[in-house]
Amino acid sequence: MSDFLLPDLGEGLTEATIIAWHVKVGDEVTRNQALAEVETAKALVELPSPRAGRITALHAEEGQTLDVGSPLVGFAEVGAAPEPGTGGNAADGSVADEPAGGSAADGSADGPAVDEAVTSGSVAEEPAAVPVGVGASVDGSYEATASAEPAARPQRQQVLVGYGPVLPGTGRPRRRPRAFATTPYERPSRQAGEGPTPRAMPPVRRRARDLGVDLRSVHGSGPGGRILRADVEARAQGLPGSATRAPGSHTIPVTGLRKQTAQAMSASAFTAPHASVHVTIDVTDTLELLGRGTREGGRTSFLASVCRAILPAAARTPAANARYDAEAGEIEMFDQVRLGIAVATDRGLLVATLPEIDADGHQDPSGPALTAAIAETAQKARDGALTPGEVTGSTLTVTNVGVFGVDGGTPILNPGQSTILAIGALRRQPWEHRGEIALRTVVTLTLSFDHRVLDGAEASAFLTDIAETLADPATLLVR
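Residue numbers (numbering that gives the first Met the number 0): 0 to 478.
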């Protein structure tokens with residue numbers, strides 16, 4: 000039997016959350032058959048089987064987060080008999096949480112003979128694997144343990160609980176020496192009020208040890224009250240646990256995209272000195288022009304018009320399309336504007352990078368082409384179908400908070416960028432127009448910027464440049 004490890008899903012991703020299993024223990028699968036659906040910080044992904052075989056173990060539950068390289072499923076060749084002690088399924092709780100301390104039944108050093116069958120008892124997890132035919136001594140060194148006695152009769156390859164395999168040319172396999180002293184181990188008595196042993200997988204226990212978190216103080220949010228990694232990390236940050244939770248409240252594990260967003264926003268908010276500038280403009284003429292184009296069969300959205308206005312404005316204010324490199328003490332200026340669009344999804348907020356619109360690389364896409372690209376990219380983001388390349392590489396972000404009915408906001412910068420533009424709701428209201436008060440459509444634009452890269456004058460120039468284009472679309476023809 001062998002394990003399939005959670006693969007590296009690219010773009011620096013270090014973990015993934017199991018959303019749904021498509022197989023169960025005992026199923027026979029073919030190569031490339033979907034094993035599970037997992038959520039990374041970037042997208043939902045189906046993991047295909049690397050080979051044909053029979054599933055002998057599922058090493059994680061739905062909702063559990065695994066690090067890259069962690070065992071995901073156990074495989075055996077089709078038709079192979081299950082090995083004693085295998086076939087455990089994390090989903091049904093049959094995998095023991097504590098390290099082995101002897102035999103499955105009573106912890107004694109004497110195991111069954113080669114010809115005896117192991118018929119009962121659960122198998123606890125072993126701390127480390129030892130090479131076949133090699134045992135661990137008390138001081139951690141290794142010594143050969145295979146018997147030199149000739150085989151009395153041919154033996155088939157066997158692996159028994161607590162034994163090494165029977166090798167050709169050897170006799171009965173000898174039990175490998177214990178890696179600890181022979182003094183009998185006495186389990187410490189549980190103090191009054193400690194409660195039952197918390198349910199948690201070994202990686203979660205390891206994470207708790209690293210963070211100094213007592214698992215008995217953590218409220219498990221997983222199936223059956225199992226403690227998840229997110230529960231441990233929340234407890235380590237001083238968030239409410241089982242002992243301090245308010246009556247009637249509940250917790251939500253922060254995983255996948257929401258976890259990535261939380262980390263990115265925290266890093267940005269407490270690293271880059273944010274500042275914001277605002278402007279409210281009359282966009283009635285622009286909307287009338289867009290309506291005319293729609294009637295002629297070439298629909299351009301207002302969001303696409305804002306994006307088109309950004310491109311020449313960024314060329315005139317290069318610092319708006321840059322990033323601050325703290326380690327090098329430099330400002331990196333990007334040669335091209337790669338627009339990112341903030342998209343709200345059921346899994347959380349993400350910034351999707353718009354594709355190159357024109358094949359020749361020109362940075363002046365048509366309104367209808369840009370409108371179609373925005374709509375397609377946003378839908379892929381909501382469906383969880385974006386590739387890693389479509390959620391990275393943007394140099395400037397646009398967020399349309401107006402679709403939620405608000406007039407504006409002060410957005411947090413996407414890490415690695417110096418500006419983010421928020422578009423408020425389009426409002427019909429009295430406005431001065433050609434010396435008179437008229438009912439006009441206005442919108443508020445808010446620019447948040449990294450004050451290490453831009454000063455107030457540069458940020459204001461960039462924002463007013465965009466605003467003037469949207470207030471008078473004819474400026475695109477003369478600039």
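All residues carry an ideal CB built from backbone N, CA and C; glycine is no exception.
Residue i, DSSP secondary structure in three states
i, result
"residue 461", "helix"
"residue 66", "strand"
"residue 428", "strand"
"residue 504", "Residue 504 is absent from the model: the chain starts at 0 and stops at 478."
"residue 385", "coil"
"residue 8", "coil"
"residue 455", "helix"
"residue 44", "strand"
"residue 418", "strand"
"residue 506", "Summary: the structure shown does not reach residue 506, with the chain confined to residues 0 through 478, and so no result is reported for it."
"residue 28", "strand"
"residue 473", "coil"
"residue 407", "coil"
"residue 72", "strand"
"residue 226", "strand"
"residue 291", "helix"
"residue 14", "strand"
Rounded separation between residue i and residue j - CA only
i, j, result
"residue 229", "residue 251", "9 Å"
"residue 332", "residue 273", "19 Å"
"residue 209", "residue 231", "10 Å"
"residue 141", "residue 205", "Confidence at residue 141 is low in this model, with a pLDDT of 41, below 50, so its placement is unreliable and the value that follows should be read with caution. For residue 141 and residue 205, the distance between alpha carbons rounds to 26 Å."
"residue 470", "residue 285", "7 Å"
"residue 207", "residue 214", "7 Å"
"residue 70", "residue 200", "12 Å"
"residue 329", "residue 3", "43 Å"
"residue 459", "residue 377", "29 Å"
"residue 462", "residue 444", "8 Å"
"residue 234", "residue 217", "7 Å"
"residue 467", "residue 383", "36 Å"
"residue 5", "residue 44", "12 Å"
"residue 22", "residue 75", "14 Å"
"residue 352", "residue 198", "41 Å"
"residue 408", "residue 400", "8 Å"
"residue 296", "residue 366", "12 Å"
"residue 16", "residue 61", "8 Å"
"residue 524", "residue 369", "With the chain represented from 0 up to 478, any question about residue 524 goes unanswered, as that position is not in the structure."
"residue 191", "residue 14", "A caution first: residue 191 carries a pLDDT of 40, below 50, which makes its placement in the model too unreliable to give a value."
"residue 371", "residue 472", "20 Å"
"residue 424", "residue 410", "15 Å"
"residue 499", "residue 20", "Nothing in the structure corresponds to residue 499, since the chain is present only between 0 and 478."
"residue 405", "residue 442", "10 Å"
"residue 349", "residue 422", "17 Å"
"residue 196", "residue 224", "12 Å"
"residue 7", "residue 66", "9 Å"
"residue 93", "residue 222", "Any reading at residue 93 needs caution, since the residue's pLDDT is 43, under 50, leaving its predicted position unreliable; the model's value is listed next. If you take the alpha carbons of residue 93 and residue 222, they lie about 14 Å apart."
"residue 269", "residue 255", "22 Å"
"residue 524", "residue 275", "Within the shown structure, residues of the chain are numbered from 0 to 478, placing residue 524 beyond reach of any answer."
"residue 305", "residue 412", "18 Å"
CB-CB length for residue i against residue j, believed under 8 Å
i, j, result
"residue 320", "residue 396", "With a Cβ gap of about 11 Å, residue 320 and residue 396 do not count as contacting."
"residue 227", "residue 203", "7 Å"
"residue 426", "residue 392", "34 Å between Cβ atoms; not a contact."
"residue 55", "residue 24", "7 Å"
"residue 47", "residue 34", "7 Å"
"residue 0", "residue 73", "6 Å"
"residue 77", "residue 53", "5 Å"
Element boundaries [beta strand (DSSP E), containing residue i]
i, result
"residue 449", "435-449"
"residue 398", "395-398"
"residue 347", "347-352"
"residue 340", "338-344"
"residue 313", "First-last for residue 313: 301-315, but that is the alpha helix (DSSP H), not the beta strand (DSSP E)."
"residue 55", "52-57"
"residue 322", "321-324"
Span of the alpha helix (DSSP H), counted from its first residue to its last, around residue i
i, result
"residue 264", "255-268"
"residue 276", "Looking at the DSSP string, residue 276 is not in any alpha helix (DSSP H); the run it does join, the beta strand (DSSP E), is 273-281."
"residue 203", "201-210"
"residue 38", "Careful: residue 38 lies outside any alpha helix (DSSP H), inside the beta strand (DSSP E) at 33-38."
"residue 215", "Neither: residue 215 is in no alpha helix (DSSP H) and is coded neither H nor E."
"residue 334", "Per DSSP, residue 334 belongs to no alpha helix (DSSP H) and is neither H nor E."
Checklist entry - Is the number of C-beta pairs between the region 438-457 and the region 407-426 that are closer than 8 Å three or more? => result In short, these stretches touch, since the Cβ pair count reaches three.
Checklist entry - Should the region 339-359 be regarded as contacting the region 308-315, the criterion being three or more beta carbon pairs within less than 8 Å? => result Three or more Cβ pairs closer than 8 Å define a contact, and the region 339-359 falls short of that threshold against the region 308-315.
Item to check | Touching by the beta-carbon criterion (3+ pairs, under 8 Å), the region 280-296 and the region 377-387 | outcome: The region 280-296, when compared against the region 377-387, does not touch it at the 8 Å Cβ threshold.
Item to check | At least 3 beta-carbon pairs within less than 8 Å: the region 427-434 vs the region 255-262 | outcome: Between the region 427-434 and the region 255-262, the count of C-beta pairs closer than 8 Å stays below three; the two stretches do not touch.
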